[in-house]
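In the UniProt record's numbering, the protein residues as written are 1 to 410.
Every residue gets a Cβ at the ideal spot worked out from N, C-alpha and C, and that includes glycine.
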């Protein structure tokens, strides 16, 4: 999305001399997509951004995946994954893999510890803050995040997560992070963008709703002694589980050494409360709720909204077969009308795989007639390749969801 920003100190002309107060040159880094052919930004560092003093292996958390076979719809209870008394978990090394394929991985973490500095060298990340608060520091600037925030982090952005304790959160909650990792870039849907990259009038959100990184950019150098180096954890292409590998680079300076940057590539935050739902006389299909897209997957959110106003409407979804996609629904808040009686609640995930017709639970259609407002909040990921099950899915499967349509009205 071509949305130009400039923060800090940059020279009047790109690729020209930019000097510090002592006369030394700053080091210009171009961070760009698609081989110099798409969005990019220029960052000006006090240190050589390529400097590495040591490289060691980072043993990634369990990335193994098993097929959803025999094929079945699944209900996962994410809140069972992390005991209430769990300590020392961070959003980077502590996230647990729930679902994944060759295009996207979905993980979950309940974190109370600062993460290491981290860089995803495979694709963009979209992290949704279910509950809790955190400060995220990046080379572009910092964000203060809270309940309902999406954070889009471009590939190879060095950053770290610093959760705030529950005592400092408005809801008294720990940080609960729902992490969508792409093998591609993540952006607003193309149909919402002009050919120049501006969000159009029919888009359910616009540039005013996006929060860009805030300063200050700089931190004090740790020093040139390799024994005092900063470690940066890098997830990258490799021959490990899922074609992923991890490396830890020691760098001889603090990562926050950028004095300024400008361009159209940077992380940004967006709160789900700023999404304006699209409604109609009859039930609107999932694309009406789309918020982002990546290669072979989309992200939608279902927010509190007025619903269908045709006199004979049935507000809950009709039964549908996802012949081209797997549907993953993360139930965040409210009372999700179509799933009543299934056991699904806050913190649940439903996986409805392609090849299986799914829709409202028994009795939900009749109960919804005459309802004019849905108080629900859910984040949906639809993929166009089958999703396999990660270790976290195997650990929190309720084991009985597939039979919930056969139980009769609740």
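task: Compare the Cα-Cα distances from residue 205 to each of 124, 67, 108, 276 and report the closest residue.
output: The option with the nearest alpha carbon to residue 205 is 276.
task: Quick one: give me the first and last residue of the beta strand (DSSP E) that residue 86 is part of.
output: Premise fails: residue 86 is in no beta strand (DSSP E) and is neither H nor E.
- prompt: What residue ranges within the UniProt domain "Homogentisate 1,2-dioxygenase C-terminal" (297-406) form continuous beta strand (DSSP E) runs of no fewer than 3 residues, ordered along the chain?
  reply: Within the UniProt domain "Homogentisate 1,2-dioxygenase C-terminal" (297-406), the complete beta strand (DSSP E) runs of at least 3 residues are 297-302, 326-334, 348-352, 376-383, 388-390.
- prompt: Span of the beta strand (DSSP E) holding residue 231?
  reply: Element bounds for residue 231: 230-237.
field: Among 342, 372, 4, 230, the one whose alpha carbon lies nearest that of residue 405
entry: Scanning 342, 372, 4, 230 for the CA closest to the CA of residue 405 turns up 342.
message: In this structure, how does DSSP classify residue 164 when only helix, strand and coil are distinguished?
response: Residue state, collapsed to three classes: coil.
query: Looking only at C-alpha atoms, which of 349, 285, 357 sits nearest to residue 395?
result: Nearest of 349, 285, 357 to residue 395, Cα basis: 349.
field: Candidates 402, 386, 393, 3, of which the one nearest residue 194 by Cα
entry: Nearest C-alpha to residue 194: 3.
Cα-Cα separation, residue 374 to residue 345: Their Cα atoms are separated by approximately 15 Å.
field: Nearest candidate by alpha-carbon position, reference residue 32, set 24, 43, 22
entry: Ranking the options by Cα distance to residue 32, first place goes to 43.
task: Could you please give the first and the last residue of the uninterrupted beta strand (DSSP E) stretch that includes residue 58?
output: Where residue 58 is concerned, there is no enclosing beta strand (DSSP E), given that its DSSP letter is neither H nor E.
field: Sequence-distant residues of the same chain with beta carbon closer than 7 Å to residue 303, five excluded per side
entry: Same-chain partners within the cutoff: 272, 275, 277, 377.
Residue 118, buried or exposed, once every other Cβ within 10 Å from all chains shown has been counted against 16: Counting Cβ neighbours within 10 Å, residue 118 comes out buried, since at least 16 surround it.
field: Collapsed DSSP secondary structure at residue 8 in the structure displayed
entry: In this structure, residue 8 counts as strand in the three-state DSSP scheme.
- prompt: Nearest to residue 389 by CA position, among 355, 101, 256, 144, is which residue?
  reply: Nearest C-alpha to residue 389 among 355, 101, 256, 144: 101.
message: Quick check on DSSP: helix, strand or coil for residue 272?
response: In the three-state reduction of the DSSP assignment, residue 272 falls in the helix class.
message: In this structure, how does DSSP classify residue 80 when only helix, strand and coil are distinguished?
response: In the structure shown, residue 80 adopts helical secondary structure according to DSSP, grouped into three states.
task: Have a look at 181, 244, 161 and flag the residue whose alpha-carbon is nearest the alpha-carbon of residue 415.
output: There is no way to answer for residue 415, as the model of the chain reaches only from 1 to 410.
message: Using a 10 Å radius around the Cβ and a threshold of 16 neighbouring Cβ atoms, would you call residue 217 buried or exposed?
response: Under a 10 Å Cβ-count criterion, residue 217 is classified as buried, with 16 or more other Cβ atoms of the shown protein chains found around its own Cβ.
- prompt: Taking Cβ positions, are residue 40 and residue 210 nearer each other than 8 Å?
  reply: Their beta carbons are not under 8 Å apart, which means residue 40 does not touch residue 210 by this criterion.
- prompt: First and last residue of the beta strand (DSSP E) that includes residue 117?
  reply: Under the DSSP assignment, residue 117 falls in the beta strand (DSSP E) whose first and last residues are 117-120.
- request: Put residue 192 into one of helix, strand or coil per three-state DSSP.
  value: The answer is helix: DSSP assigns residue 192 an H, G or I state.
- prompt: In terms of residues, what are the limits of the beta strand (DSSP E) holding residue 175?
  reply: For residue 175, the enclosing beta strand (DSSP E) stretches over residues 175-182.
- request: In angstroms with no decimal places, state the Cα-to-Cα distance between residue 307 and residue 87.
  value: For residue 307 and residue 87, the distance between alpha carbons rounds to 42 Å.
- request: With distances taken Cα to Cα, identify the nearest neighbour of residue 391 among 27, 30, 95.
  value: Nearest of 27, 30, 95 to residue 391, Cα basis: 95.
message: For residue 25 and residue 11, I'd like the C-alpha separation in whole angstroms.
response: Straight-line Cα distance between these residues: approximately 11 Å.
field: Under the three-state DSSP convention, the category residue 288 falls into
entry: Three-state DSSP puts residue 288 in a helix.
query: To the nearest whole angstrom, what separates the beta carbons of residue 74 and residue 126, a pair I think is in contact under 8 Å?
result: Residue 74 to residue 126, Cβ: 22 Å. No contact.
- prompt: Just checking my contact of residue 412 with residue 148 at CB under 8 Å: how many whole Å lie between their CB atoms?
  reply: As displayed, the chain neither begins before 1 nor continues past 410, which places residue 412 out of reach and without an answer.
- prompt: Looking only at C-alpha atoms, which of 260, 65, 334, 328 sits nearest to residue 305?
  reply: Proximity to residue 305 across 260, 65, 334, 328 peaks at 334, based on C-alpha coordinates.
task: Return the residue from the list 289, 263, 380, 319 that minimises the CA-CA distance to residue 7.
output: Minimum Cα distance to residue 7 is reached at 263.
For residue 174 and residue 132, believed in contact at Cβ under 8 Å, the rounded distance: About 5 Å separates the Cβ atoms of residue 132 and residue 174, confirming a contact at the 8 Å cut-off.
query: Does the separation of the CB atoms of residue 246 and residue 234 fall below 8 Å?
result: Yes.
- prompt: What does a CB cutoff of less than 6 Å around residue 309 pick up in its chain, not counting 5 residues either side in sequence?
  reply: 281.
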